[in-house]
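Reading the sequence shown from the start, the letters are residues 3 to 531 in my numbering. Single-structure report; data block below.
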Amino acid sequence: MTPRTRYARSGDLSIAYQVVGDGPVDLVLGPGFISHVEHSWEDPGHAHYLRRLAAFSRLIVFDKRGTGLSDRAAGVSPLAERMDDVRAVMDATGSARAVVFGVSGSGPLMALFAATYPERAVALILYGAYASAVRAPDYPWRPTAEEYAAQIEARARTIHETWGTLDAVPAPGVAGDAALRRWFAASQRLGASPGAAVALMRMNATIDIRHVLPAIRVPTLVLHRTGDPAVRIEEGRYLAAHIPGARLVELPGDVHFPYAGDVDALVDEVEAFVTGTRPAPVPDRALATVLVSEVAGAAARAVALGDRRWADLQERFRALARRDLDRYRGRALDLAGDRVVATFDGPGRALRCAGALRDAAGDLGLATRAGLHTGECEVRGARLGGVAPALAAWVASQAAPGEILASGTVRDLLAGADLRFVDRGTRALADAPGAWRLYAVLSGAEGDVGPAYPPAPPTATLTRREREVLPLVARGLSNRQIAAALSIGERTVESHVASILAKLGAANRAQLAPWAAAGAGGVTAQPRR
3 MTPRTRYARS GDLSIAYQVV GDGPVDLVLG PGFISHVEHS WEDPGHAHYL RRLAAFSRLI
63 VFDKRGTGLS DRAAGVSPLA ERMDDVRAVM DATGSARAVV FGVSGSGPLM ALFAATYPER
123 AVALILYGAY ASAVRAPDYP WRPTAEEYAA QIEARARTIH ETWGTLDAVP APGVAGDAAL
183 RRWFAASQRL GASPGAAVAL MRMNATIDIR HVLPAIRVPT LVLHRTGDPA VRIEEGRYLA
243 AHIPGARLVE LPGDVHFPYA GDVDALVDEV EAFVTGTRPA PVPDRALATV LVSEVAGAAA
303 RAVALGDRRW ADLQERFRAL ARRDLDRYRG RALDLAGDRV VATFDGPGRA LRCAGALRDA
363 AGDLGLATRA GLHTGECEVR GARLGGVAPA LAAWVASQAA PGEILASGTV RDLLAGADLR
423 FVDRGTRALA DAPGAWRLYA VLSGAEGDVG PAYPPAPPTA TLTRREREVL PLVARGLSNR
483 QIAAALSIGE RTVESHVASI LAKLGAANRA QLAPWAAAGA GGVTAQPRR
């Protein structure tokens, strides 16, 4: 569940913050370039990163001025003013002293805070941080001030074309993570407008704390990934060399974001620094039941509804999916507008959640197909890899609209439960040896997950005219023949057919026959057994 967002007053501005955990040490986390304290929890990797930090601290997170849920500031705010935001958040949370943790662009801010207010900073942690935004004689890794200004002005002319899109994901190492790319694109849209992002770039162009570093007198940990594509490792080494007594830990990796890549290795170093002890190692493999539930005929439905209505419907489906995952203790791996991938610590809860998702989609006039498989997964921070997630996705692809299919492993684990399974036969997985036996799930007295064959959608999903068109399509009549039979235009028939296909999750006209045979145009909901 997302923590409650509150606001601290900093001069004339309101700064959004959240408090998570109840550890003995306060940890104030300054985010990178932009952030959104509530959207941060939507990405499993980012949520895992925050929960790990909150497991050993009272974690205080906030959106810097100009970003996320905090107020926008007029003009360029120097670091000295932005320090007031940190102090205001600490005051609002009752934090007298805290470890301050600066990530990337917040690194200079937190370093200046630690130097200025040593009575309030217990210690300082910097990750992927830098000392100067532009080149200097002893800092050769950045562009000159003139080059940087030109880069910002060039970016300002084109930023509206890519900001908040998948093309805007800047870091290598995450290109293959579709869910993270979608989340990051949304983070840009929610974190700042294109114009606000340019204003932040101009604000950051003024950063130079090289002269401040020798004045930092609190214990300091500098963390940096050796292949960081955004801030070079030499800049982390510079910070550690110029802060008295600072400890440098170089981590392998080529991802700038702290919540991607090997998150646990990074947080392990933070935990050891803050608490003096390292966490016990956790197994890198675990048994889990993976559920993949996706809206059938999503592309056709999107075309029929149009971008705006489809986006609204997706957001409603996402909200219902979050509710059902919380109810059945599911852990979301991917929560898109028309697809849910989640893990469960037991197949029974996974099946019940699949049924709940199907029912929730039905209330929206959508049909889902779901697949489940239980197997060993590779634990990669907040994400799971290995064969099980891939097999669950394949099982889902074999299901009919409205159907919940399970692998034989799931059925065996639920032997004796009040559930019934129908054998759907063995099916081959492309480019893999052998075959897999699949089972459709029937209702039980407890944990009802629905009939084995797809239930017809609610009557409201098809209009009166669509109910007239459906049986004619199922009989094999052409659009011209249907138009003549119903005394309507051929283009009108074409529109009705496209809508019917989308609503029933059918890929083509031939697949509409079972719905027409169900009676009443295939739209009367079947009672549960």
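We put the beta carbon where it would ideally sit given N, CA and C, even for glycine.
Where do the N-terminal and C-terminal ends of the alpha helix (DSSP H) with residue 86 fall, by residue? The residue you call residue 86 lines up with position 84 of the sequence shown. 81 to 94 is the extent of the alpha helix (DSSP H) around residue 86.
Determine the direct distance from the alpha carbon of residue 154 to that of residue 200, and round the result to whole angstroms. Counting from one through the sequence shown, the residue named residue 200 turns up at place 198. Counting from one through the sequence shown, the residue named residue 154 turns up at place 152. Between the alpha carbons of residue 200 and residue 154 lies a distance of about 7 Å.
Residues that residue 355 bridges to, as DSSP identifies them: Position 353 of the sequence shown, counted from the start, is the residue given in the question as residue 355. Residue 355 pairs with nothing; no bridge assigned.
Distance between residue 422 and residue 377 (C-alpha atoms, nearest Å): For this step, residue 377 is matched to residue 375 along the sequence shown. For this step, residue 422 is matched to residue 420 along the sequence shown. Between residue 377 and residue 422, the C-alpha separation is close to 21 Å.
Per DSSP, which one or two residues make a beta bridge with residue 346? For the purposes of this step, residue 346 is taken as the residue at position 344 of the sequence shown. Its beta-bridge partners are 291.
Integer-rounded CB distance, given that residue 233 should sit under 8 Å from residue 106: Translated into the one-based positions of the sequence shown, residue 106 becomes position 104. Translated into the one-based positions of the sequence shown, residue 233 becomes position 231. In this structure, residue 106 and residue 233 form a Cβ contact; the two beta carbons are roughly 7 Å apart against a cut-off of 8 Å.
Whole runs of the beta strand (DSSP E) within the region 222 to 279, excluding any shorter than 3 residues: Complete beta strand (DSSP E) runs here, min 3: 222 to 227 and 249 to 253.
Mind reading off the beta-carbon distance from residue 166 to residue 128? Whole number of angstroms is fine, and I expect it under 8 Å. Here residue 166 corresponds to residue number 164 of the sequence shown, with the count starting at 1. Here residue 128 corresponds to residue number 126 of the sequence shown, with the count starting at 1. Between residue 128 and residue 166 the Cβ distance is about 28 Å, and since that is not below 8 Å, they are no contact.
So, helix, strand or coil for residue 143, using DSSP? As a first step, residue 143 must be located in the sequence shown, where it is residue number 141. The DSSP-derived three-state label of residue 143 is coil.
With distance defined between alpha-carbon atoms, name the residue in 85, 122, 94 and 98 nearest to residue 110. Sequence index remark: in the sequence shown, residue 110 carries index 108 (1-based). The shortest CA-to-CA distance from residue 110 to any of 85, 122, 94 and 98 is the one to 85.
Do residue 292 and residue 415 have their C-beta atoms closer together than 9 Å? The count along the sequence shown starts at 1 and reaches residue 292 at position 290. The count along the sequence shown starts at 1 and reaches residue 415 at position 413. In this structure, residue 415 does not lie closer than 9 Å to residue 292 by Cβ.
Using alpha carbons as the reference points, say which of 474, 498, 473 and 486 lies closest to residue 465. As a working mapping, residue 465 is identified with position 463 in the sequence shown. Ranking 474, 498, 473 and 486 by CA distance to the CA of residue 465 puts 498 first.
Decide if residue 246 is buried, meaning its Cβ has at least 16 other Cβ atoms within 10 Å, or exposed. Stepping through the sequence shown from its first residue, residue 246 is reached at position 244. Counting of Cβ neighbours within 10 angstroms places residue 246 among the exposed residues, the total staying below 16.
Are the CB atoms of residue 71 and residue 23 nearer to each other than 9 Å? Taking the sequence shown and counting its residues from 1, one reaches residue 71 at position 69. Taking the sequence shown and counting its residues from 1, one reaches residue 23 at position 21. No; because the gap between Cβ atoms is not below 9 Å, this pair is not in contact.
In terms of residues, what are the limits of the alpha helix (DSSP H) holding residue 328? Here residue 328 is taken as the residue at index 326 of the sequence shown, counted from 1. Counting along the chain, the alpha helix (DSSP H) containing residue 328 begins and ends at 309 to 329.
Using alpha carbons as the reference points, say which of 79, 8, 503 and 324 lies closest to residue 205. In the sequence shown, counting from the first residue as 1, residue 205 sits at position 203. Ranking 79, 8, 503 and 324 by Cα distance to residue 205 puts 79 first.
Endpoints, the alpha helix (DSSP H) within which residue 115 is located: As a first step, residue 115 must be located in the sequence shown, where it is residue number 113. Judged by DSSP secondary structure, residue 115 falls within the alpha helix (DSSP H) whose first and last residues are 109 to 118.
Cα-Cα separation between residue 297 and residue 363, rounded to whole angstroms: Here residue 297 is taken as the residue at index 295 of the sequence shown, counted from 1. Here residue 363 is taken as the residue at index 361 of the sequence shown, counted from 1. Going by the C-alpha atoms only, they are around 8 Å apart.
DSSP on residue 134, reduced to helix/strand/coil? Position 132 of the sequence shown holds residue 134. Here residue 134 sits in strand by DSSP.
Give me the Cβ distance between residue 125 and residue 221, rounded to the nearest whole Å; I'm assuming they're in contact under 8 Å. Here residue 125 refers to the residue found at position 123 of the sequence shown. Here residue 221 refers to the residue found at position 219 of the sequence shown. So it is a contact: roughly 4 Å between Cβ atoms.
Is the CB-CB distance between residue 426 and residue 441 below 9 Å? In the sequence shown, the residue the question calls residue 426 occupies position 424. In the sequence shown, the residue the question calls residue 441 occupies position 439. Yes, these two residues count as a Cβ contact at 9 Å.
Which residues does DSSP pair with residue 165 in a beta bridge? Numbered from its first residue, the sequence shown carries residue 165 at position 163. Note: residue 165 is not bridge-paired with any residue in the DSSP secondary-structure output.
Would you mind giving the Cβ-Cβ distance between residue 187 and residue 36, rounded to the nearest angstrom? I have them listed as a contact below 8 Å. The residue given as residue 187 occupies position 185 in the sequence shown. The residue given as residue 36 occupies position 34 in the sequence shown. Contact flag wrong, Cβ pair sits at about 12 Å.
Can you tell me which of 18, 114, 50 and 108 puts its alpha carbon nearest to the alpha carbon of residue 38? Position 36 of the sequence shown, counting from 1, holds the residue named residue 38. Considering only alpha carbons, the answer is 18.
Among 242, 327 and 61, nearest to residue 29 - alpha-carbon criterion: Looking up residue 29 in the sequence shown gives position 27. If we check each option's Cα against that of residue 29, 61 comes out closest.
Less than 6 Å between C-beta atoms, sequence neighbours within five positions excluded: which residues of the same chain meet that for residue 99? Walking along the sequence shown from the start, residue 99 turns up at place 97. Cβ within range, chain order: 122 and 124.
Alpha carbon to alpha carbon, how far is residue 491 from residue 476? Give it in angstroms, no decimals. Here residue 476 is taken as the residue at index 474 of the sequence shown, counted from 1. Here residue 491 is taken as the residue at index 489 of the sequence shown, counted from 1. In a straight line, the C-alpha of residue 476 is about 19 Å away from that of residue 491.
Cutting at 6 Å between CB atoms, please list the residues of its own chain near residue 449, excluding the five before and the five after it. Here residue 449 refers to the residue found at position 447 when the sequence shown is read from its first residue. Its pLDDT being 42, under 50, residue 449 is placed unreliably by the model, and the measurement read from it follows with that caveat. Once the five neighbours on either side are set aside, the close Cβ partners of residue 449 are 354.
To which residues does DSSP link residue 413 through a beta bridge? Indexing the sequence shown from 1 puts residue 413 at position 411. Note: residue 413 sits in no beta bridge, so no partner.
Taking the continuous beta strand (DSSP E) assigned at residue 27, which residues delimit it? Translated into the one-based positions of the sequence shown, residue 27 becomes position 25. Bounds of any beta strand (DSSP E) do not take in residue 27, whose DSSP letter is neither H nor E.
For residue 478 and residue 406, believed in contact at Cβ under 8 Å, the rounded distance: Along the sequence shown, read from residue 1 onward, the residue named residue 406 stands at position 404. Along the sequence shown, read from residue 1 onward, the residue named residue 478 stands at position 476. Wrong, their Cβ atoms sit about 31 Å apart, outside the cutoff.
Cβ shell of residue 5 (< 6 Å), same chain only, five flanking positions each side left out: Start at 1 with the first residue of the sequence shown, and residue 5 comes out as number 3. For residue 5, same chain residues with a beta-carbon under 6 Å away, outside a window of 5 residues either side, are 20 and 22 in chain order.
What residue from 158, 96 and 211 has the CA that sits closest to residue 135's CA? In the sequence shown, counting from the first residue as 1, residue 135 sits at position 133. Ranking the options by Cα distance to residue 135, first place goes to 211.
Between the Cα of residue 119 and those of 132, 133, 131 and 101, spot the shortest distance and give me the residue it belongs to. By one-based count along the sequence shown, residue 119 stands at place 117. Checking every option, the nearest Cα to that of residue 119 belongs to 101.
For residue 12, which three-state DSSP category applies? Here residue 12 refers to the residue found at position 10 of the sequence shown. Residue 12 falls in the strand class under three-state DSSP.
Determine the DSSP secondary structure at residue 186, reduced to helix, strand or coil. The sequence position of residue 186 within the sequence shown is 184, counting from 1. If DSSP states are grouped into helix, strand and coil, residue 186 belongs with the helices.
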